[in-house]
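In the numbering used here, the protein residues as written are 9 to 328. In this text, a Cβ means the ideal position worked out from N, Cα and C, and glycines have one as well. These numbers were taken from a predicted model, which means no experiment stands behind them. Before any comments, here is the structure.
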């Protein structure tokens with residue numbers, strides 16, 4: 009039986025179960041975390057809070073696996089993820105890759121050289137942990153692909169073809185830049201069925217999402233937040249796409265950050281901005297609000313199984 013790599017080691021593919029495809033245990037500054045440690049974030053508090061939120065999703069709704077889509081430059085931390093996984097009893101799957109923010113190290117080194125580092129940790133493990141990522145992460149935020157983002161995309165294209173792992177691509181639907189990324193990946197020979205374009209519902213533009221689906225990729229139906237006024241529109245859009253027969257190319261998630269950066273130790277509580285990531289039910293909204301609303305609109309239980317079980321399994325199973 010095929011296996012899937014998690015932050016505590018490989019699991020049989022049939023143990024994946026109900027999967028949230030794009031979440032974050034923590035998003036922060038790797039520099040601040042590395043240099044200031046517990047002065048920046050109290051590690052035990054992070055693990056306890058994040059673990060309780062993940063465990064809640066399991067206990068209330070049977071969530072068995074979560075993809076932590078945090079790239080290197082948003083402070084991916086494998087030992088922390090592993091401890092959250094152990095305490096919650098939920099499989100956590102790690103990413104490798106880079107967010108759209110520029111990084112000095114990537115300015116002059118050719119993408120094919122940088123890609124070797126990412127391919128190596130996919131094959132041999134992250135540092136000396138032996139733990140391997142199971143997804144690749146890249147991101148474009150601007151309307152056009154910048155030179156630095158182009159390098160990141162090329163690195164992930166090389167890594168994808170070398171490893172077979174799926175790509176999760178952060179996008180901005182208001183500028184329809186997911187289509188530009190699909191053009192880029194097509195030019196670089198990446199199988200579109202190994203790509204998830206994330207955040208596709210943000211603009212509630214059904215035409216844009218259909219264009220992406222016609223390219224053969226998956227679309228990430230994420231950024232699902234309880235206190236987001238656009239949630240009813242997002243639900244209608246999802247129901248429409250499923251009715252049109254696209255459920256086999258949709259995955260559900262929240263893009264929720266269990267311990268966001270604004271919870272650093274020294275920022276005064278009163279000065280912390282309100283955030284959708286403060287919701288104590290943040291990892292339960294898909295199951296408590298979205299899925300019941302979809303079922304009420306004629307979506308079937310099998311459609312839900314497709315998006316929450318079979319599609320994640322297809323993406324995370326790598327042919328050998």
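{"Query": "Quick check on this structure: which residue in 98, 31, 53, 319 has the alpha carbon closest to the alpha carbon of residue 63?", "Result": "98"}
{"Query": "Threshold first: 4 residues or longer. Then list the alpha helix (DSSP H) segments lying entirely within the segment 181-222, N to C.", "Result": "185-195, 214-222"}
{"Query": "Which partner residues of residue 11 appear in the DSSP bridge assignment?", "Result": "20"}
{"Query": "Could you check where the alpha helix (DSSP H) with residue 147 kicks off and where it finishes?", "Result": "Per DSSP, residue 147 belongs to no alpha helix (DSSP H); it is in the beta strand (DSSP E), 143-147."}
{"Query": "Apart from the five residues just before and just after residue 20, which ones in its own chain have a Cβ nearer than 7 Å to its Cβ?", "Result": "9, 11"}
{"Query": "Give the single residue among 168, 298, 182 whose Cα lies nearest to the Cα of residue 204.", "Result": "168"}
{"Query": "Tell me whether residue 217 is buried or exposed, calling it buried when 16 or more other Cβ atoms sit within 10 Å of its Cβ.", "Result": "buried"}
{"Query": "Just to confirm the assignment: which complete alpha helix (DSSP H) runs, minimum length 4, are found wholly within the segment 227-282?", "Result": "239-251"}
{"Query": "Could you pull the start and end residues of the beta strand (DSSP E) that residue 285 belongs to?", "Result": "Note, residue 285: premise wrong, no beta strand (DSSP E); not H, not E."}
{"Query": "Per the contact definition of three or more C-beta pairs closer than 8 Å, is the segment 111-130 in contact with the segment 25-41?", "Result": "no"}
{"Query": "Does the beta-carbon distance from residue 106 to residue 75 come in below 8 Å?", "Result": "no"}
{"Query": "So which of 225, 116, 212 has the shortest CA-CA distance to residue 5?", "Result": "Here the chain has residues from 9 to 328 only, and residue 5 is not among them."}
{"Query": "Under 8 Å by Cβ, that's how I've got residue 224 and residue 176 pegged, so tell me the actual separation to the nearest angstrom.", "Result": "At roughly 16 Å, the Cβ-Cβ gap does not stay under 8 Å, so residue 224 and residue 176 are not in contact."}
{"Query": "Report all residues from its chain with a CB closer than 6 Å to the CB of residue 57; omit the five preceding and five following residues, and keep chain order.", "Result": "267"}
{"Query": "Considering only C-alpha positions, which residue in the set 113, 287, 324, 250 is nearest to residue 303?", "Result": "250"}
{"Query": "Using only CA atoms, which one of 325, 156, 27, 101 lies nearest to residue 17?", "Result": "101"}
{"Query": "Please state the DSSP three-state secondary structure of residue 28.", "Result": "strand"}
{"Query": "When we look at the beta-carbon of residue 264 and count the other beta-carbons within 10 Å, is it buried (16 or more) or exposed?", "Result": "buried"}
{"Query": "Look up residue 177 in the DSSP assignment and give the residues it is bridged to.", "Result": "146, 205"}
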